[in-house]
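Chains as they are written, first to last, in my numbering: chain B, 1 to 139; chain X, 1 to 200.
Take a look at the structure below.
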């Protein structure tokens with residue numbers, strides 16, 4: 001499914017870990033680049049059909065309570081000339097905000113300002129969607 | 001002889017185990033005693049993710065005979081992790097060396113052990129050490145963490161994307177006005193300010 005070598009995949013997975021004063025640990029998992037603006041780099045998971053994926057997942061681990069998923073972004077960029085150019089599935093942090101314009105769980109289809117509501121999915125579900133469930137758009 | 005293995009992340013160690021023909025393969029991952037449980041869980045997860053072969057675990061055998069019995073009782077095709085060999089004295093390692101042919105199995109075998117145990121192995125079980133050869137690494141638990149340079153590069157990307165400074169973001173977070181987009185949570189963690197996530 002991916003054209004990256006296993007070693008490249010391992011190297012693309014990174015994390016940052018910071019601890020709060022109350023002992024809660026904040027973990028940020030990075031899969032590839034922070035942003036995909038079409039830059040020509042090798043910082044992405046590349047599907048065999050040429051689409052590429054990057055993601056970030058933020059989780060809090062309190063010392064004596066279940067972990068809480070704070071936010072995530074999964075960016076799937078299609079090859080040059082595709083329409084739409086990308087799909088991004090975001091989970092925003094926390095409740096609140098404008099549920100109509102920016103629902104917490106939403107999908108961007110080729111435009112930053114367009115946010116369509118999406119079901120709340122686990123990070124693995126979104127990753128599987130990006131790998132297997134979003135084929136190239138018709139030419 | 002002192003063995004100073006190269007460093008390797010758990011994920012890369014698992015990749016080497018999966019990639020190598022398994023029959024007769026023996027690997028050693030050296031890890032501090034207080035981290036064995038953590039590394040063990042991670043290693044089992046990585047082996048499950050990267051391979052389709054079941055993994056079994058032998059923990060803290062009391063002596064060489066018990067270890068050999070446990071190994072021969074395990075499913076021969078499975079990947080086998082052995083940990084808890086720190087209590088093995090010189091005699092146990094010597095006995096294991098004599099009985100090393102009993103360690104041959106179809107599935108790969110991994111020893112998860114401390115540097116001190118590796119020292120006793122190399123001094124008392126030279127044939128087993130020769131069998132292991134270069135398939136020994138020190139666990140590297142830091143390679144997946146962002147370096148300061150990588151952290152700064154990601155922060156710079158976020159600054160350019162948002163047209164904001166780090167101070168802007170921290171002030172907005174402290175006042176509860178920061179956007180709820182996922183990039184801003186990343187930003188706060190990269191700034192080492194996870195305390196502001198809850199306020200933001």
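Where is the CB? At the ideal position from N, CA and C, for every residue including glycine.
Kindly indicate if chain X contains any beta-carbon less than 7 Å away from that of residue 34/B. yes
If you follow the alpha helix (DSSP H) that residue 120/B is part of, which residue opens it and which one closes it? Careful: residue 120/B lies outside any alpha helix (DSSP H) and carries neither H nor E.
Buried/exposed call for residue 95/B, threshold 16 Cβ in 10 Å: exposed
Could you tell me the alpha carbon to alpha carbon distance between residue 13/X and residue 137/X, rounded to whole angstroms? 8 Å
Relative to the C-alpha of residue 162/X, which residue among 151/X, 149/X, 178/X is closest? 178/X
Taking residue 161/X as the query, report the chain B residues whose CB atoms sit under 9 Å from its CB, ordered along the chain. 34, 35, 37
Buried versus exposed, by CB contacts within 10 Å (16 or more), residue 175/X: exposed
Beta-carbon spacing of residue 93/B, residue 70/B below 7 Å: yes
Is the distance from the Cβ of residue 11/X to the Cβ of residue 60/X below 7 Å? no
Segment contact, 8 Å Cβ cut-off, at least three pairs: the segment 109-116 of chain B with the segment 47-67 of chain B: no
State whether the segment 49-68 of chain X contacts the segment 76-83 of chain X, with contact taken as three or more CB pairs (one from each stretch) at a distance under 8 Å. yes
Once the 5 residues before and after residue 99/B are set aside, which same chain residues still bring their CB inside 8 Å of it? none
Between residue 12/X and chain B, is any beta-carbon pair separated by less than 7 Å? yes
Cross-chain neighbours of residue 15/B in chain X, by beta carbon under 8 Å: 144, 145, 146
In chain B, what lies closer than 7 Å to residue 32/X by C-beta? Those within 7 Å of residue 32/X in chain B number zero; the least Cβ separation is about 18 Å.
Is residue 130/X near the ligand GTP, going by C-beta to nearest heavy atom under 6 Å? Annotation note on the ligand GTP: not contained in the displayed structure, which lists no ligands.
Quick one: list the residues of chain B neighbouring residue 154/X, beta-carbon separation under 8 Å, in chain order. 30, 34
Given that a residue counts as buried once 16 or more other Cβ atoms are within 10 Å of its Cβ, and exposed if not, what is residue 67/B? exposed
Going by alpha carbons, who is nearest to residue 19/X out of 21/B, 119/B, 5/B? 5/B
On the criterion of 16 or more Cβ atoms from any shown chain inside 10 Å, does residue 3/B qualify as buried, or is it exposed? exposed
Between the segment 124-135 of chain B and the segment 19-31 of chain X, are three or more C-beta pairs nearer than 8 Å? no
Where in the segment 9-53 of chain B do unbroken runs of the beta strand (DSSP E), each at least 3 residues long, occur, reported from the N-terminal end onward? 13-19, 25-31
Taking the C-alpha atoms as reference points, what is the distance between residue 115/X and residue 52/X? 30 Å
Within the same chain, show all residues whose beta-carbon is closer than 7 Å to that of residue 7/X, passing over the 5 residues directly before and after it, in chain order. 137, 138, 140
Exposed or buried, what is residue 75/B when buried is set at 16 or more other beta-carbons lying within 10 Å of its beta-carbon? buried
Secondary structure at residue 162/X, three-state DSSP: helix, strand or coil? helix
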